[in-house]
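Protein sequences, first through last, are from chains A and B. The first sequence begins at 1 in my numbering and counts up by one. The second sequence begins at 115 in my numbering and counts up by one. All remarks here apply to the structure that follows.
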Amino acid sequence: QQKVQQSPESLSVPEGGMASLNCTSSDRNFQYFWWYRQHSGEGPKALMSIFSDGDKKEGRFTAHLNKASLHVSLHIRDSQPSDSALYFCAASEPRRQGGRALIFGTGTTVSVSP
Amino acid sequence: EAAVTQSPRSKVAVTGGKVTLSCHQTNNHDYMYWYRQDTGHGLRLIHYSYVADSTEKGDIPDGYKASRPSQENFSLILELASLSQTAVYFCASSDTGGYYEQYFGPGTRLTVL
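This is how it looks when you write it as structure tokens:
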């Protein structure tokens, strides 16, 4: 069973519009989340992390975490064509020797049309 | 900007052959990770390492070995490549565990025929 689930699978947004992505975890041990963005042909790159209830804003990106419902969301304001990419939600899980695995969702493909 | 490089960027291998994927980081990070990406599964952790000459199993280690000969280098080895190992493989590095960001390389596209 996928421990981190994302919706929608894909999303089309007009340039200048708002994109809203959702993520739900099935594991209450997950307390720290990341949003990563992957452009075609590249590796994922971190956008932001969140571990406290409420909102966290970084530029045009706002993440929201509700620990009670294990729900995380990402909102992209004033979307640009360069925001077209695959977006992953990932939970940070502790492992042996201090390592931390990222448990990725299946991703949301965002397409921003001019 | 943290730097993680991977080689080769793409590879075609035959079933039953040996494949070695290499990763090099110049971030002076202690932790290095290998993930694979398949359509519909996101990325999944194969192996990781916290120090040279030591590796740990991740979530899907079967069929893979890892080697960390130095802090900068981390290899993924497929001793007997199989069709099911066709995927894109990503290496990542992070600072001293904790909640530090993982920096990913550009990936290696492996096709096993």
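Don't be surprised by glycine CBs; every beta carbon is placed ideally from N, CA and C.
Closest to residue i by C-alpha separation, out of the options, would be which residue?
i	options	result
B/Ala-180	B/Tyr-149, B/Ser-196 and B/Val-202	B/Tyr-149
B/Leu-192	B/Pro-183, B/His-161 and B/Asp-167	B/His-161
B/Arg-158	A/Asn-66, A/Ala-101 and A/Val-110	A/Ala-101
A/Phe-33	A/His-64, A/Ser-40, A/Lys-57 and A/Glu-58	A/His-64
A/Phe-104	A/Ser-26, A/Pro-114, A/Ser-84 and A/Ser-82	A/Ser-26
A/Lys-45	B/Val-226, B/Asp-176 and B/Gly-221	B/Gly-221
A/Ser-111	A/Arg-96, A/Ala-91 and A/Pro-81	A/Pro-81
A/Ala-90	A/His-71, A/Gly-17, A/Glu-42 and A/Pro-114	A/His-71
B/His-155	A/Pro-94, A/Pro-114, A/Ser-92 and A/Lys-3	A/Lys-3
A/Ser-41	B/Val-128, B/Leu-227 and B/Ser-124	In the sequence as presented, Ser is not what sits at residue 41 of chain A; that position holds Gly. Closest by alpha carbon: B/Ser-124.
For the beta strand (DSSP E) containing residue i, name the first residue and the last one.
i	result
B/Ile-174	Segment: none, B/Ile-174 is in no beta strand (DSSP E) and carries neither H nor E.
B/His-143	Counting along the chain, B/His-143 falls outside any beta strand (DSSP E), and DSSP gives it neither H nor E.
A/Pro-94	85–94
B/Gln-120	118–121
Taking 8 Å as the threshold (beta carbon to beta carbon), is residue i in contact with chain A?
i	result
B/Leu-159	yes
B/Glu-186	no
B/Gln-139	no
Is the shortest distance between the beta-carbon of residue i and the beta-carbons of chain B less than 8 Å?
i	result
A/Ser-7	no
A/Ser-92	yes
A/Gly-59	no
A/Gln-97	yes
A/Thr-108	no
A/Gly-105	yes
A/Ala-68	no
For my contact list, residue i and residue j are in at a C-beta cut-off of 8 Å; report their separation, rounded to the angstrom.
i	j	result
A/Asp-55	A/Lys-67	About 13 Å separates the two Cβ atoms, so there is no contact after all.
A/Ser-20	A/Ser-79	With 8 Å as the limit, A/Ser-20 and A/Ser-79 do not qualify as a contact, their Cβ atoms being about 10 Å apart.
B/His-143	B/Ser-196	About 31 Å separates the two Cβ atoms, so there is no contact after all.
B/Asp-152	B/Ala-201	5 Å
Quiz item: Going along the chain, which residues of the region 20–49 of chain A sit with their C-beta nearer than 9 Å to a C-beta in chain D?
Solution: The structure shown contains no chain D; the protein chains it does contain are A and B.
Quiz item: Residue ranges of each beta strand (DSSP E) run of no fewer than 3 residues wholly in the region 5–80 of chain A, ordered along the chain?
Solution: 10–14, 19–25, 33–38, 45–50, 54–58, 61–66 and 71–76
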